[in-house]
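Encoded as structure tokens, the structure appears first; notes follow it.
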Amino acid sequence: MNTLSNHTDSSFGKLLYERLFKNKEGVIAFILLAVVLLLVFPLCLNTFRLNLTGKYLCYAFVAIGLVMCWGNAGILSLGQGMFFGAGGYCMAMFLKLEASDPESTAIQSTPGIPDFMDWNQVTELPWFWFPFKSFPLTIALIFILPAVLAFLLSVFYFKGRVTGVVFAILTQSMVACLWYFIVGNQGFFGGINGITDLRTLNGWDIRTESAQKTLYYVCSILLLFCILVSRYVLSTRLGRVLLAQRDKEMRVRFSGYNLTLFRIFIFCFAAVLSAIGGAMFTLQVGFMSPNLVGIQPSIDMVIFTAVGGRESLLGAVYGALAVNAAKTAFSEAYPTLWMFLYGATFIIIVLYLPKGLAGLYDDHIKKWIFKLKPKSDSGTTPPSEDLEKEVPYAK
Amino acid sequence: MGGYTAQEIYSIVVMQSFSGVSLLCIYVLMGLGLYIIFGQMGVINMAHAEFLVLGSYTMCLFSKFITESVPALENIYVFLAIPLSFGIAFGVGYLVEWFLISRLYKRPLDTLLATWGLSLIMQQCFRTFIGAREMSADLPEWLLGSWSVNDSIDIPISGLILLVLTIFLTGGLVLYTTKTRMGLRMRATTQNRQMTGALGINTKMTDRVSFGIACGISGIAGAFFTTMASTSPSAGTNYIVDSFLVLVVGGLGSLFGLFISGAFLALLSSILEFFMTGSIAKVWLYLVIFVVLMKFTKGLFSDKVRS
Chain A
346 MNTLSNHTDS
356 SFGKLLYERL
366 FKNKEGVIAF
376 ILLAVVLLLV
386 FPLCLNTFRL
396 NLTGKYLCYA
406 FVAIGLVMCW
416 GNAGILSLGQ
426 GMFFGAGGYC
436 MAMFLKLEAS
446 DPESTAIQST
456 PGIPDFMDWN
466 QVTELPWFWF
476 PFKSFPLTIA
486 LIFILPAVLA
496 FLLSVFYFKG
506 RVTGVVFAIL
516 TQSMVACLWY
526 FIVGNQGFFG
536 GINGITDLRT
546 LNGWDIRTES
556 AQKTLYYVCS
566 ILLLFCILVS
576 RYVLSTRLGR
586 VLLAQRDKEM
596 RVRFSGYNLT
606 LFRIFIFCFA
616 AVLSAIGGAM
626 FTLQVGFMSP
636 NLVGIQPSID
646 MVIFTAVGGR
656 ESLLGAVYGA
666 LAVNAAKTAF
676 SEAYPTLWMF
686 LYGATFIIIV
696 LYLPKGLAGL
706 YDDHIKKWIF
716 KLKPKSDSGT
726 TPPSEDLEKE
736 VPYAK
Chain B
669 MGGYTAQEIY
679 SIVVMQSFSG
689 VSLLCIYVLM
699 GLGLYIIFGQ
709 MGVINMAHAE
719 FLVLGSYTMC
729 LFSKFITESV
739 PALENIYVFL
749 AIPLSFGIAF
759 GVGYLVEWFL
769 ISRLYKRPLD
779 TLLATWGLSL
789 IMQQCFRTFI
799 GAREMSADLP
809 EWLLGSWSVN
819 DSIDIPISGL
829 ILLVLTIFLT
839 GGLVLYTTKT
849 RMGLRMRATT
859 QNRQMTGALG
869 INTKMTDRVS
879 FGIACGISGI
889 AGAFFTTMAS
899 TSPSAGTNYI
909 VDSFLVLVVG
919 GLGSLFGLFI
929 SGAFLALLSS
939 ILEFFMTGSI
949 AKVWLYLVIF
959 VVLMKFTKGL
969 FSDKVRS
């Protein structure tokens with residue numbers, strides 16, 4: 346974004362540069378990701394594969410959210426699927442309403458309502474579907490709904506100082522609750538089948554190849570933008586307080602900070618990121634179902650983050666891509682082997698690579714690269730990584 | 669009252685309360701193993717439900733073995749299955765603690781992830797080595813029958829056994845933690861690991877045994893769940909959320925709280941399921957739990973500081 350204005354002397358540009366990228370290495374890593382997403386993938390992959398990659402990138406949004414609230418604030422949420430689903434369902438409801446206009450649903454007993462409602466003897470559009478007739482309102486709800494949900498579900502717990510493992514368990518119960526809610530309301534939300542057969546977005550057919558390509562680009566650019574926003578949040582004092590309370594909660598409390606607000610903020614922030622991912626998912630895949638939202642998918646999202654590196658925003662993106670690609674490659678050919686491998690990944694990452702791929706890069710590969718070209722640029726890379734090594738990962 | 673006589677209403681109330689008590693027993697049995705692992709040792713075990721399923725499979729396979737090879741024992745094999753399922757779950761739990769959990773005591777959130785990976789591996793083991801199809805135990809005739817108290821009251825035998833088992837296991841657990849040397853060591857290790865080690869107690873061994881015992885209790889509970897439902901490799905996913913919630917609602921580290929929250933959840937879910945369909949009742953049950961926990965963030969009866 347602002348990479349061009351780096352070298353101007355304007356103090357604002359410089360400040361922004363430092364906040365977003367920290368140093369030259371940060372810029373290079375970010376540009377590398379942008380090149381991979383915007384040039385390498387579209388040139389090397391056919392439309393089917395590109396669409397699949399776009400789907401994985403939607404999970405990268407969730408993974409970034411988890412880096413923010415788990416890696417950098419110590420709040421593990423096993424319920425990100427809930428917010429992913431909230432975003433996804435908002436978008437799906439809008440698309441479904443557009444797909445079920447009175448002409449194309451003329452054979453139903455009540456034309457003009459989604460087909461699954463007609464099958465379930467619902468004769469009238471329920472009130473909570475009305476906002477989804479308008480596109481701007483839908484977009485607004487994709488941001489507002491998960492934020493409100495996250496606020497309501499976390500405010501009392503964070504106030505009561507429920508954190509760590511117990512909060513993780515609670516978020517998992519919440520996502521189970523949402524799953525039962527969708528499955529139980531077949532007439533209103535399509536039940537276990539989900540909302541399917543989505544066709545157009547404001548008259549633009551999302552199923553064509555060109556549309557899928559466009560959506561991929563939209564998704565990538567949005568992802569890069571979200572990374573920058575998250576970077577910015579982490580670089581503020583707010584981000585530093587969150588990091589501090591992850592490692593020494595009591596010390597931060599005694600310094601006079603009210604941690605409740607900080608925690609609620611980062612939890613809501615992660616929720617909104619997940620919801621954006623969910624909405625993009627619906628657009629690219631063309632349906633939304635409760636099985637994309639349940640307990641298992643939510644834990645999968647955590648493992649993407651753990652594999653990529655729980656403290657690294659860029660690492661999380663690579664993690665989401667790598668795990669999903671491996672899943673697609675292995676789970677079709679060797680389903681049994683895949684499950685063993687997947688379970689083992691959880692254990693190995695936790696036991697031997699708590700910082701994931703990003704940690705692997707920081708601790709080993711980076712040294713190796715710098716050994717290859719021993720430039721005397723010791724001033725540009727501050728030894729901050731070495732300090733972080735001493736910090737325990739969880740409370 | 670719609671043509672019912674007082675006698676009939678009395679019978680309905682008695683039988684309904686009994687089925688409520690059975691549900692309470694199920695909740696307590698689910699939470700009992702977690703009470704040691706999560707409440708006492710402070711370790712989270714997401715593979716807990718798989719230990720229940722392991723117990724169920726032990727029961728199913730053992731019953732198959734007995735009916736095929738030793739029909740003479742057909743009537744009493746259930747009592748042999750209890751120590752067997754305890755033993756197998758204990759052994760697996762002992763090994764899991766040794767190789768996995770013991771490295772993660774200082775990182776509770778990571779334990780959660782690692783044990784989730786373990787649960788995936790265990791599920792896949794069930795699927796690969798036992799079979800993906802649902803399975804149920806061949807129960808002896810007498811267990812399926814019911815006890816007619818009078819003309820209109822029928823109490824199912826399996827429910828009675830469940831009740832006895834729950835009381836027996838809980839009582840045993842209380843005695844174990846408060847009266848035995850091993851239980852004392854377990855509590856000491858939880859409270860202050862270094863000091864306990866300094867006093868010459870093998871804390872690693874204590875951890876292994878405690879974890880094994882908790883898994884073994886889950887195994888027994890799982891074995892008895894076969895009298896009510898069939899078992900499948902992924903049956904654990906139905907248990908996991910409920911068993912953690914029952915413990916969290918009760919308050920970690922409180923056995924009394926576990927009973928009260930079991931009773932609370934049993935009562936609530938039977939009332940809700942009377943009025944609405946299964947999944948919507950589940951939604952309301954969870955919502956009520958969330959609201960209760962918003963007020964009592966440490967659970968209803970907590971007598972320990974949570975980790």
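Each protein sequence line maps, in turn, to chains A and B. Numbering (our numbering) for the first sequence: 346 to 740. Numbering (our numbering) for the second sequence: 669 to 975. C-beta: ideal position from N, C-alpha, C; glycine also. Computed from a predicted model, the values in this text were never measured in an experiment.
| Check | Outcome |
| --- | --- |
| Examine chain B for any beta-carbon lying closer than 8 Å to the beta-carbon of ALA739 (chain A), and answer yes or no. | Residue placement at ALA739 (chain A) cannot be trusted, given a pLDDT of 41 that sits under 50; the coordinates are not used to answer. |
| List, from N- to C-terminal side, the beta strand (DSSP E) runs of 3 residues or more that fit wholly inside the stretch 759–830 of chain B. | 814–816, 822–824 |
| Got a sec, what are the start and stop residues for the alpha helix (DSSP H) ARG544 (chain A) sits in? | ARG544 (chain A) -> no alpha helix (DSSP H), and no H or E assigned at all. |
| Along the chain, where does the alpha helix (DSSP H) that runs through ILE373 (chain A) open and close? | 369–380 |
| Measure the alpha-carbon distance for ILE798 (chain B) versus LEU722 (chain B) and round it to whole angstroms. | 11 Å |
| At what residues does the alpha helix (DSSP H) containing VAL594 (chain A) begin and finish? | Checking the sequence, you will find Glu at residue 594 (chain A) rather than Val. Run containing GLU594 (chain A): 594–599, per the alpha helix (DSSP H) assignment. |
| May I ask you to report which of helix, strand or coil DSSP gives THR899 (chain B)? | strand |
| Suppose contacts are defined by Cβ-Cβ distances below 8 Å. Is LEU702 (chain B) in contact with ALA931 (chain B) by that definition? | no |
| On the DSSP letters alone, give me the boundaries of the alpha helix (DSSP H) that ARG576 (chain A) sits inside. | 554–580 |
| Suppose the cutoff is 7 Å on Cβ atoms and the five residues either side in sequence are ignored; what does the same chain contact list for LEU915 (chain B) look like? | GLY699, LEU702, TYR703, PHE706, GLY707, LEU926 |
| What residue range does the alpha helix (DSSP H) around ARG861 (chain B) cover? | 861–866 |
| Is the Cβ of MET438 (chain A) closer than 8 Å to any Cβ of chain B? | no |
| Hey, how far is the Cα of TRP810 (chain B) from the Cα of MET896 (chain B)? | 15 Å |
| Can you tell which of A:MET625, A:ALA667, A:THR681, A:GLN453 has the C-alpha that lies nearest to the C-alpha of ILE566 (chain A)? | A:MET625 |
| Tell me whether the beta-carbon of ILE621 (chain A) lies closer than 8 Å to the beta-carbon of PHE406 (chain A). | yes |
| Measuring CB to CB, does MET413 (chain A) end up less than 8 Å from PHE607 (chain A)? | no |
| Compare the C-beta of PHE598 (chain A) with all C-beta atoms of chain B and state if any pair is closer than 8 Å. | Reading the sequence as shown, one finds Arg at residue 598 (chain A) and not Phe. Answer no: the Cβ-Cβ gap between ARG598 (chain A) and chain B never drops below 8 Å. |
| Would you identify the three-state DSSP class for MET633 (chain A), choosing helix, strand or coil? | strand |
| Thinking C-beta only, is ASP822 (chain B) closer than 8 Å to MET683 (chain B)? | yes |
| What do you get for THR627 (chain A), buried or exposed, if any count of 16 or more other CB atoms within 10 angstroms of its CB means buried? | buried |
| Could you tell me which chain B residues have their CB closer than 8 Å to the CB of SER306 (chain A), listed as they occur along the chain? | Because chain A here runs from 346 to 740, residue 306 (chain A) falls outside it and cannot be looked at. |
| ILE644 (chain A) versus chain B: which residues are under 7 Å apart at the beta carbon? | TRP784 |
| Just the C-alpha distance for ALA934 (chain B) and TYR679 (chain A), rounded to the nearest angstrom, thanks. | 42 Å |
| If you draw a straight line from the C-alpha of SER685 (chain B) to the C-alpha of SER737 (chain B), how long is it? | 40 Å |
| Please give the ranges of any alpha helix (DSSP H) in the stretch 598–686 of chain A, keeping only runs that are unbroken, at least 4 residues long and fully inside the region. | 604–630, 640–653, 658–678 |
| Would GLN629 (chain A) pass as a contact of LEU568 (chain A) if the rule is Cβ separation under 8 Å? | no |
| Spell out whether any CB of chain B is found under 8 Å from the CB atom of TYR434 (chain A). | no |
| Exposed or buried, MET462 (chain A), counting other C-beta atoms within 10 Å across all chains shown (16 or more means buried)? | buried |
| 8 Å is my cut-off, CB to CB: does VAL960 (chain B) come that close to chain A? | no |
| From ASN603 (chain A) to ALA800 (chain B), what distance separates their C-alpha atoms? | 51 Å |
| Would you mind telling me which residues of chain B sit closer than 9 Å to ILE640 (chain A), beta carbon to beta carbon, in chain order? | THR905, ILE908, VAL909 |
| Taking just the CA atoms, how far does ILE694 (chain A) sit from ILE644 (chain A)? | 14 Å |
| When the Cα atoms are used, what is the spatial distance from TYR695 (chain B) to GLY426 (chain A)? | 26 Å |
| Starting from LYS847 (chain B), find everything on chain A with Cβ-Cβ shorter than 9 Å and list it in chain order. | Within chain A, no residue comes near LYS847 (chain B); the closest Cβ sits about 29 Å away, beyond 9 Å. |
| With 8 Å as the threshold, decide whether the Cβ of THR858 (chain B) is near any Cβ in chain A. | no |
| For MET790 (chain B) and ALA715 (chain B), which I take to be in contact (beta-carbon distance under 8 Å), what is that distance rounded to the nearest angstrom? | 6 Å |
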